[in-house]
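Colleague: Using our numbering, you'd call the opening residue of the sequence shown number 1 and step up by one each time.
Don't be surprised by glycine CBs; every beta carbon is placed ideally from N, CA and C.
My questions will all concern the structure given below.
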Amino acid sequence: MALAEFRTVHGIEESMVHPTKNDSKGDVTFRAVLIGLALVPINVYIVVQWETVWNTQYPTTMTIFYNVVFTFLSLILVNMLLKRWLPRIALSQQELLTVYTMLFLAVCVSGHDFSQSIFCTLGTARWSATPENDWSNLFWKYLSQRLTVNDDQVLYGFYKGESTFYTAAHIKGWLEPMVWWTLFLSVVAFTMFCLNIIIRRQWIEKEKLTYPLVHLPYEMSREGNGHHPFFRNKLLWLGFGLAAGINLINGTTFLFPVLPQIPLGYNLNVYFTERPFNAMGNFPAQFNPFAIGLAFAIPLDLLFSCWFFFLLWKAQRVVGSMIGINMPGYPFVAQQVLGGYLGIAIVSFWLGRKPIWQVMKRAIGAMSEADDSDEPMKYRTAVIGIILGFSFLVFFSYQAGTTVQFGLAFFSVYFVIAFAHTRTRAELGPPIHGIFHYGPLQLFIAAVGSRKLESQTLTAAAPFWTFTKQFRNHPMPYMLESFKLADRSGMDTRKLGKVIMFSVVVGIIVTFWTFLQFSYKWGGISEGRGIGAYTVIERWLVRPLEPDPQSLSAVGIGALVVFINTVLRLRFLWWPLHPLAYPITGYIPFEHLWFPFLISWVVKGSILRHGGIQMYRRAFPFFLGLVLGAFTIGSLWGIVGLVTGIPTYAFKRW
1 MALAEFRTVH GIEESMVHPT KNDSKGDVTF RAVLIGLALV PINVYIVVQW ETVWNTQYPT
61 TMTIFYNVVF TFLSLILVNM LLKRWLPRIA LSQQELLTVY TMLFLAVCVS GHDFSQSIFC
121 TLGTARWSAT PENDWSNLFW KYLSQRLTVN DDQVLYGFYK GESTFYTAAH IKGWLEPMVW
181 WTLFLSVVAF TMFCLNIIIR RQWIEKEKLT YPLVHLPYEM SREGNGHHPF FRNKLLWLGF
241 GLAAGINLIN GTTFLFPVLP QIPLGYNLNV YFTERPFNAM GNFPAQFNPF AIGLAFAIPL
301 DLLFSCWFFF LLWKAQRVVG SMIGINMPGY PFVAQQVLGG YLGIAIVSFW LGRKPIWQVM
361 KRAIGAMSEA DDSDEPMKYR TAVIGIILGF SFLVFFSYQA GTTVQFGLAF FSVYFVIAFA
421 HTRTRAELGP PIHGIFHYGP LQLFIAAVGS RKLESQTLTA AAPFWTFTKQ FRNHPMPYML
481 ESFKLADRSG MDTRKLGKVI MFSVVVGIIV TFWTFLQFSY KWGGISEGRG IGAYTVIERW
541 LVRPLEPDPQ SLSAVGIGAL VVFINTVLRL RFLWWPLHPL AYPITGYIPF EHLWFPFLIS
601 WVVKGSILRH GGIQMYRRAF PFFLGLVLGA FTIGSLWGIV GLVTGIPTYA FKRW
């Protein structure tokens, strides 16, 4: 069975949305890279301040970063003026998308579940030790001196604030750990980059997966007859005005509570107060214009599957209450979600085994149908990069204090999850994805128990726990989406590949620098997340856990649901449920999105049924306008908060 058959069969394909693409091969120019390089520190600075200093907005907990879209819109507006008055120096679409790619990748690696999370743990075990928690005896002797900061004088200003990073002692204290963790995160991203090379042609050019999240930046930058047709569409501005108006009014109401607010949601659990239905827990129905807009680009069968599976998750709780299941953790949602993603990766790999085998044959120099002449790097280089990158990460974890077996198991599961997220984004393009506090480390504990792991291994694993606890801003999907933009706009993928890795490294460095700036100025901005990581490790050490067959069974059930739905879709074209939706909808924040997905499914289905594909194309800009309007005003409210130093309205609820 060909991998193409795993694609959605009822959805709207990319060619149906916009049947043409730019076939000219445009250069990734030096000036575009310079512009991106100038904008990266500004965006990273804003994101780190929002997410870590003020604990608000959280753009990187989404799959499309609204601050980047706002910056991109501002750049396009400036470019429009240049086209009118100084056309010779105006940027082309390829140059605009180069800047977008740089911003997207730099903000991605600066995000909540990547560089930020690692940084939060580097001084915690030393600084937060007290006589009560006894961390000095529990952790100190196991801390790597190269990878953590253990000088109390260096940490005092970092946690207390009212100081500066720019002293010889502070710079010296942080330099070595920052170099090693920058190298570590860069190798993680490089390994993902090499994995993307293996699948890029098959998923983008052969299967032509939809990549819903690339529609907005592509349409914003698309040119025709010397202008941007996207911005001349009246329906775009109607959607923009609706979403912007709602956020403008609610933002003003947030500052002045006496004014009336436009309600955007209602909690349905007020209607389910008695057993067994009260077992459903939180049950919000929210009207998020930007979520409706993003969902409109998702294939119809996936929309149906998403809200259906969300209700199925609720039904599992109700049934458990009805039959008296009192098992702690039931229905093991996080474990099932992890199993679902592992199942997606296995299915994707199995159905794509033939093209992957052709790539492997090309890599070893054998006769092969695979062609890597237009790839960002040769297949042989990519395979070697994967092997060397994975080996370095295992070696790094060993030097940090873990066993080799732990490193092999941890990073194997980590990259399998990354592969699954990348496939999910390529087909579904959801506004969010993640696994709530259940990743490779928790799976390893469930399999062997914490009792069998050495204290050295668990202590060294604390930083790894932080950047795998939810898997929201994974670099791998963003890289492949950048290549999809390159395919649609005619960009040179070889040059773009270099820009992608350059942006990743710059983003990591700027994140660490920004973090140090803010920490020594305000103090203790990262302490909570670091304490959370070591508290988990402390619990496993002080109260050792045995293997958990119930959690492992739930992981297997999640994978089994994906396998069964895949088989049914391959055998019966009429089967309505898509396996990708099962793990997506089990992630807790999806409770804020199921209702917008339901609305979009009804509206999109009605448009296609009564107006056909032509009406769908005409309506599409309205829904992109909903996204752009919410992102624009949402970004402006966040900037107002930074400038004034007061809390402001956040348009998303997670």
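1) CA-CA distance, Trp522 and Pro463?
2) Quick check: what's the CA-CA separation for Leu248 versus Asn278?
3) How big is the Cα-Cα spacing for Ile42 and Trp181?
4) How far does the beta strand (DSSP E) with Ile267 in it extend, from its first residue to its last?
5) In the DSSP output, which residue or residues are listed as bridge partners for Pro596?
6) So for Ala285, helix, strand or coil by DSSP?
7) Can you tell me whether Met327 is helix, strand or coil according to DSSP?
8) Note down, one range per segment and in chain order, each beta strand (DSSP E) of at least 3 residues found wholly within the region 292-373.
9) Taking the alpha-carbon of Pro59 as reference, which of Lys206, Ala168, His112 and Ala446 has the nearest alpha-carbon?
10) Measuring CA to CA, which of Tyr379, Arg275, Phe70 and Leu636 is closest to Ile199?
11) Contact between the region 480-492 and the region 83-102 is defined here as three or more beta-carbon pairs at a separation below 8 Å; is this criterion met?
12) Measuring alpha carbon to alpha carbon, tell me which residue in Ala38, Ala32 and Gln49 is nearest Val643.
13) Just to confirm before moving on: does the CB-CB distance between Ala106 and Val510 stay below 8 Å?
14) Using alpha carbons as the reference points, say which of His474, Thr566 and Pro477 lies closest to Ser305.
15) With the cut-off set at 8 Å, would you say Ala285 and Leu268 are in Cβ contact?
16) Where does Met491 sit, in a helix, a strand or coil, going by DSSP?
17) I need the DSSP call for His672, collapsed to helix, strand or coil.
18) Which residue from Thr648, Val188, Arg653 and Phe411 puts its Cα closest to that of Pro257?
19) Using the rule of at least 16 other Cβ atoms within 10 Å of the residue's Cβ for burial, across every protein chain shown, is Lys141 buried or exposed?
20) Since Ala409 is in the alpha helix (DSSP H), which residue starts that stretch and which ends it?
21) Does the separation of the CB atoms of Val187 and Phe467 fall below 8 Å?
22) Apart from the five residues on each side of it in sequence, which residues of its chain come closer than 8 Å, Cβ to Cβ, to His421?
23) By the three-class DSSP mapping on this structure, what secondary structure does Cys108 have?
24) Kindly indicate the opening and closing residues of the alpha helix (DSSP H) around Met280.
25) By the three-class DSSP mapping on this structure, what secondary structure does Met62 have?
26) Looking at Gly507 and Val109, is the spacing between their C-beta atoms short of 8 Å?
27) Report the residue from Ala345, Phe502, Gly612 and Glu274 whose alpha carbon sits nearest the alpha carbon of Phe415.
28) With a threshold of 8 Å, are at least 3 pairs of Cβ atoms found where one atom belongs to the region 569-584 and the other to the region 360-367?
29) Taking the alpha-carbon positions, what's the Leu165 to Asp152 distance?
30) Fully enclosed by the region 524-576, which alpha helix (DSSP H) runs are 4 residues long or longer?
31) Considering Asn233, what are the terminal residues of the alpha helix (DSSP H) in which it resides?
32) For Lys452, which residues from the same chain have a beta carbon less than 6 Å from its beta carbon, with the 5 sequence-adjacent residues on both sides left out?
33) Have a look at Thr403, Asp548 and Ser600 and flag the residue whose alpha-carbon is nearest the alpha-carbon of Pro328.
34) Go through the region 133-208 residue by residue and report every complete run of the alpha helix (DSSP H) that reaches 4 residues or more, in order.
35) By how many angstroms is the C-alpha of Arg126 removed from the C-alpha of Ser136?
Modeller: Put simply:
1) 23 Å
2) 35 Å
3) 22 Å
4) Correcting the residue type first, residue 267 is Asn in the shown sequence and not Ile. Annotation: the continuous beta strand (DSSP E) that includes Asn267 extends over Gly265 to Asn267.
5) For Pro596, which the question treats as bridged, DSSP gives no partner whatsoever.
6) strand
7) coil
8) none
9) For the residues Lys206, Ala168, His112 and Ala446, the minimum Cα distance to Pro59 belongs to His112.
10) Tyr379
11) Judged by Cβ distances under 8 Å, the region 480-492 makes contact with the region 83-102, as three or more pairs qualify.
12) Check the Cα spacing between Val643 and each of Ala38, Ala32 and Gln49: the tightest is with Gln49.
13) yes
14) It is Thr566.
15) yes
16) strand
17) Residue 672 falls outside the range modelled here, since the chain spans only 1 to 654, and no answer is possible.
18) Selected option, being the one with the closest Cα: Thr648.
19) exposed
20) Val404 to Glu427
21) no
22) Tyr341, His433, Phe471, His474, Met476 and Pro477
23) The three-state reading of DSSP puts Cys108 in helix, counting H, G and I together.
24) Per DSSP, Met280 lies in no alpha helix (DSSP H) and is assigned neither H nor E.
25) coil
26) With respect to Gly507, Val109 sits close: the two C-beta atoms are nearer than 8 Å.
27) Put simply, of Ala345, Phe502, Gly612 and Glu274 the residue whose alpha carbon is nearest the alpha carbon of Phe415 is Ala345.
28) no
29) Leu is not the amino acid found at residue 165; the sequence shown has Phe there. Their Cα atoms are separated by approximately 14 Å.
30) 527-542 and 549-571
31) Neither: Asn233 is in no alpha helix (DSSP H) and is coded neither H nor E.
32) none
33) Asp548
34) As far as the region 133-208 is concerned, its whole alpha helix (DSSP H) runs of at least 4 residues are 135-138, 152-160 and 168-200.
35) 7 Å
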